[in-house]
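Residue numbers (my numbering): 1 to 241. Report on the following structure.
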Amino acid sequence: MPAFLFIKKEHNMRLDKYLSENANLTRKTAKHALHRSDVTVDGVVVKKGDVKIKEQVVRLNGVLITVKGPTYIMLNKPVDYVCSTVDDDGLSVLHLIDEDLHRGLHIAGRLDKDTTGLVLLTDDGQWSHRITSPKSKCNKVYMVEVMEVLEPSLVDVFKEGLELNNESDLTRPATLEILSDNKARLTICEGKYHQVKRMFSAVDNHVTALHRSQIGPLVLGDDLAPGQWRKLTDEEINGLA
Ligand code: URA
């Protein structure tokens, strides 16, 4: 699908909704702003929230309010943060991101609390589906440390697929690159619950440290220290889906 088809957002809605979506107001504060005559549409004060906005110029206290596109964020998850967007779920990765970006965000492929590394957040459900759906075959790369020595024969075992507890299907072919006795790089294209840990436990090993370094072509570089995040560029957004 060409990039511009999903980056451009529909721009045809009630004025109160337009303000709450694009000016970081709640429906209630948008209503108050309208009552206070703070809002103009094409230069004319408008007090009614149900006016339809299509191509008109909307200003709040003289400041131009443009349509906010979808949000795409990459984050380097530190240990102990949970991949949850529900506020009362402990120390959520959402707390690391500016609050005015939170609304509607979800996580495209969660990591466990003790896993570190690349997490993607967005409010674009179609885009995240293309990343997480096993049908899209979007690779995820993990740096893994394990308790027991990694035997070279495991490379073929991971390639052929493993039987996980409580799963009827074998895991899809995975690429295991053994880096040392206890360290490996694992590339998988699916994201079953605790998948990497369960794959190693299926071969009687135990994961002691796990870090996601790459999703599709997007690599977590040195520019983001643990806890840091940034918005994706258009090229990165399009390259991922
Ligand atoms: N697989 C796991 O077991 N844990 C993660 O956090 C990610 C993949």
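C-beta: ideal position from N, C-alpha, C; glycine also.
Contact the stretch 143–152 vs the stretch 200–216: 3+ CB pairs below 8 Å: A contact exists between the stretch 143–152 and the stretch 200–216.
Residues surrounding ligand 1 [beta-carbon distance to nearest heavy atom under 5 Å]: The set of residues with CB atoms less than 5 Å from any heavy atom of ligand 1 reads, in chain order, LEU111, ASP112, THR115, HIS194, GLN195, VAL196 and LYS197.
Straight-line gap, CYS138 to ALA202 (C-alpha atoms, nearest Å): The straight-line gap from Cα to Cα measures roughly 23 Å.
Residue range of the unbroken alpha helix (DSSP H) whose run includes LEU15: From DSSP, the alpha helix (DSSP H) with LEU15 extends over 15–22.
Same chain, Cβ closer than 7 Å to ASN165, five either side skipped, listed in chain order: The answer, listed in chain order, is ARG198.
Pick from MET74, LYS77 and GLU177 that is closest to VAL141, judged by C-alpha positions: Measuring from the Cα of VAL141, the nearest candidate turns out to be GLU177.
Whole-Å CB distance - PRO70 paired with THR132, under 8 Å assumed: Contact flag wrong, Cβ pair sits at about 16 Å.
Assumed close pair LEU111, ARG212 - CB separation to whole angstroms, cut-off 8 Å: Between LEU111 and ARG212 a beta carbon distance of about 6 Å is seen, short of the 8 Å cut, so the two are scored as contacting.
Other residues of its chain near THR66: CB distance less than 8 Å, five sequence neighbours each side excluded: The beta carbon of THR66 lies closer than 8 Å to those of ASN22 in the same chain, with the five residues before and after it left out.
Inter-residue spacing [alpha-carbon to alpha-carbon] between LYS190 and ALA174: The residue asked about is misnamed: residue 190 is Glu in this sequence, not Lys. Taking the straight line from one Cα to the other gives about 9 Å.
Three or more C-beta pairs below 8 Å linking the stretch 216–231 and the stretch 149–164: By the criterion of at least three beta-carbon pairs nearer than 8 Å, the stretch 216–231 is not in contact with the stretch 149–164.
CB of LEU64 within 8 Å of CB of LEU19, strictly: The answer is no: Cβ separation not under 8 Å.
C-alpha gap between ASP16 and VAL51, whole angstroms: Using only the alpha carbons, I get a separation of about 8 Å.
Straight-line gap, THR85 to VAL93 (C-alpha atoms, nearest Å): For the pair THR85 and VAL93, the Cα-to-Cα distance works out to about 8 Å.
Whole-angstrom distance between LEU34 and VAL79, CA atom to CA atom: One Cα belongs to VAL79, the other to LEU34, and the distance between them is close to 44 Å.
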